[in-house]
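*Asks:*
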Amino acid sequence: MDDKGEIVSSCDVDENLALQIWTKGLSPRLAVFNKNQNKRKLIPLRWLEDPDRKLSIKGKGRGLPIDYLLSDLLPHVQRILSEYAVYTPFRGTHWKFSIALDRVLHTPVSVLNGSEFSMLPEEKRARLWIADLTGGRDKGFFRPFFPLSERERNAFLGLREGTAAPLPTPADFSDPFCMALPFEENRYGIEDLFRTGVIRRLNGASLPRWYRPVRIMAAAMLLGFSFCEEDGSDFSDEIWRALNLGNPLDFRINDPRLKGLPRKFVGYVRHIDVLDRISVRASSDCDKDLQGEGYVRKRRVDFSAGLLGSVDTTVTFFDRDDGMMALGCRPKIRTSRGGNGGLFYASPPQKSQEKQELIYTFPRAAYEAALVHDTFGGPADDYFTVGQLTSAKIFEAWSNGLSSYIAWFTGIS
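Here it is as structure tokens:
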């Protein structure tokens, strides 16, 4: 492979256009080859994430431009990416990086004082595991900071058998402290958690919740897709450089190079059971629309830039007598949502500059459950939970969109 890189795979779309995958050992690029002009343009794969985008190339001579919908190009992109995975070390690299990413995402956060549970800071609430050291550093518990399904509870109970920890009864399951795995002798790091076998058991208990999203994230980061709407291309190349040289890749769950991706993943995992009850749509005036649907305005909360979008956002809470509630999200500066410039997680996807407000609707009971799941016995926090739910919906749409490109060669169903 020379310094200019090489074309690994290629596919003719028609007599005017060919799509190719180009790489020089780092994250690949999509090469758009105009046969009429004999010209090639390299673009990052995150360009494909906008479902409304069109690819336009010049026709022969002074002919009119030729447009292609991304939906028409999908099978061709699937083919060249699948070939790329076969003819490069991608599959082995993806497997290794998925394991490394799994360890980062499951890193426990320590709690030393029992009173801290009543007011955990946001950084600790955005984790999946608590290393409970309130009984002393010589012994403690790994406590899951997410609700468990029946199969996941059984996985925990199987690991608790044979230990000194008493087995909880079904009446205890609503208590966040009842499900725990004991550790001793200061063994409360991520490798200690993995040695318990609980991560492997969770993967087996629910592939859509645990296995699938991590593999999608790993593939996206290696291939140059977005980091859930954020540009992480520089870090993608860092990953390849380290793995190509056989060097350890040092990064943490709160690493700014990850662009907040782990926090969105945590929101998705923690609230996966309520996501299908949350609908998202764009609006030109969310207050007017919701009041016209029988909702009553209750209160407003201001969110700083970076939590719900690239600018400060005002969220208005609405209630309705039938048990439904809604959030009207209005950015203080009119702008497109997200790094790709569109509301692609709304239904239907919305790009118009005329409609930049968002409406979330869901049963009030689902929101109240989410408030409980975002605390560890402490007080409810609207500010944190709204951020987690909106991030979870964005992550859900992003990962589902990527799966159409990568499921063919990553084993993700």
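Residues 1021 to 1433 (the numbering used here) make up the sequence shown, in order. Ideal Cβ placement from N, Cα and C applies to all residues, glycine included.
Where in the region 1217-1297 do unbroken runs of the alpha helix (DSSP H), each at least 4 residues long, occur, reported from the N-terminal end onward?
*Replies:* If we require 4 residues or more, the alpha helix (DSSP H) runs fully inside the region 1217-1297 come out as 1218-1225, 1232-1243, 1253-1265, 1281-1290.
*Asks:* If you compare alpha carbons, which of 1176, 1058, 1160 is closest to residue 1166?
*Replies:* Translated into the one-based positions of the sequence shown, residue 1166 becomes position 146. The candidate whose alpha carbon is nearest that of residue 1166 is 1176.
*Asks:* Mind checking which residues open and close the beta strand (DSSP E) that includes residue 1201?
*Replies:* Position 181 of the sequence shown, counted from the first residue, corresponds to residue 1201. Start and end: 1201-1204.
*Asks:* To which residues of the same chain is residue 1099 closer than 7 Å at the C-beta, ignoring the five residues directly before and after it?
*Replies:* By 1-based counting over the sequence shown, the position of residue 1099 is 79. Taken in chain order, the residues that qualify are 1031.
*Asks:* Would you call the region 1241-1250 and the region 1061-1078 touching, i.e. three or more CB-CB distances under 8 Å?
*Replies:* Touching, yes.
*Asks:* Given that a residue counts as buried once 16 or more other Cβ atoms are within 10 Å of its Cβ, and exposed if not, what is residue 1342?
*Replies:* For the purposes of this step, residue 1342 is identified with residue 322 of the sequence shown, where counting begins at 1. Looking at its Cβ environment, which holds fewer than 16 other Cβ atoms inside 10 Å, residue 1342 is exposed.
*Asks:* Does the contact criterion of 3 or more C-beta pairs under 8 Å hold for the region 1198-1215 versus the region 1156-1172?
*Replies:* Yes: at least three Cβ pairs fall under 8 Å.
*Asks:* Per the DSSP calculation, residue 1311 is bridged to which residue(s)?
*Replies:* Locating residue 1311 in the sequence shown gives position 291, counting from the first residue. Bridge partners of residue 1311: none, in fact.
*Asks:* Is it true that the CB of residue 1422 sits closer than 8 Å to the CB of residue 1238?
*Replies:* In the sequence shown, the residue the question calls residue 1238 occupies position 218. In the sequence shown, the residue the question calls residue 1422 occupies position 402. Against a cut-off of 8 Å, the Cβ pair of residue 1422 and residue 1238 comes out as no contact.
*Asks:* Is the separation between the beta-carbon of residue 1339 and that of residue 1315 shorter than 8 Å?
*Replies:* Taking the first residue of the sequence shown as position 1, residue 1339 is located at position 319. Taking the first residue of the sequence shown as position 1, residue 1315 is located at position 295. The answer is yes: Cβ separation under 8 Å.
*Asks:* I'd like to know if the region 1128-1138 and the region 1387-1401 are in contact, where contact means that at least 3 CB-CB pairs between them fall below 8 Å.
*Replies:* Contact holds: three or more Cβ-Cβ distances are below 8 Å.
*Asks:* Could I get the ranges of all uninterrupted beta strand (DSSP E) runs contained in the region 1126-1161, with 3 residues as the minimum, in chain order?
*Replies:* Taking only runs of at least 3 residues, the beta strand (DSSP E) segments lying wholly in the region 1126-1161 are 1129-1131, 1149-1152.
*Asks:* On the DSSP bridge list, what partners appear for residue 1377?
*Replies:* In the sequence shown, the residue the question calls residue 1377 occupies position 357. DSSP output for residue 1377 lists 1303 as bridge partner(s).
*Asks:* Quickly, what does DSSP pair residue 1031 with across the bridge? List them, please.
*Replies:* Taking the sequence shown and counting its residues from 1, the one referred to as residue 1031 is at position 11. For residue 1031, which the question treats as bridged, DSSP gives the partners 1039.
*Asks:* Would you say residue 1210 and residue 1154 are within 8 Å of each other, going by their C-beta atoms?
*Replies:* Here residue 1210 refers to the residue found at position 190 of the sequence shown. Here residue 1154 refers to the residue found at position 134 of the sequence shown. Taking 8 Å as the Cβ cut-off, residue 1210 and residue 1154 do not qualify as a contacting pair.
*Asks:* Rounded to a whole number of angstroms, what is the C-alpha to C-alpha distance between residue 1054 and residue 1027?
*Replies:* As a first step, residue 1054 is located in the sequence shown; it is residue number 34 there, counting from the start. As a first step, residue 1027 is located in the sequence shown; it is residue number 7 there, counting from the start. Computed Cα separation, rounded: 15 Å.
*Asks:* Among 1274, 1049, 1109, which one has its Cα closest to the Cα of residue 1266?
*Replies:* As a working mapping, residue 1266 is identified with position 246 in the sequence shown. For the residues 1274, 1049, 1109, the minimum Cα distance to residue 1266 belongs to 1109.
*Asks:* Please classify residue 1383: does DSSP put it in a helix, a strand, or coil?
*Replies:* Here residue 1383 refers to the residue found at position 363 when the sequence shown is read from its first residue. Of the three classes helix, strand and coil, the one that applies to residue 1383 here is strand, per DSSP.
*Asks:* So residue 1099 is in the alpha helix (DSSP H); what residue range does that whole segment cover?
*Replies:* On the sequence shown, residue 1099 is found 79 positions in, with the first residue counted as 1. Looking at the DSSP string, the run of the alpha helix (DSSP H) that includes residue 1099 is 1090-1107.
*Asks:* How is residue 1059 classed by DSSP in three states: helix, strand or coil?
*Replies:* Taking the sequence shown and counting its residues from 1, one reaches residue 1059 at position 39. Strand.
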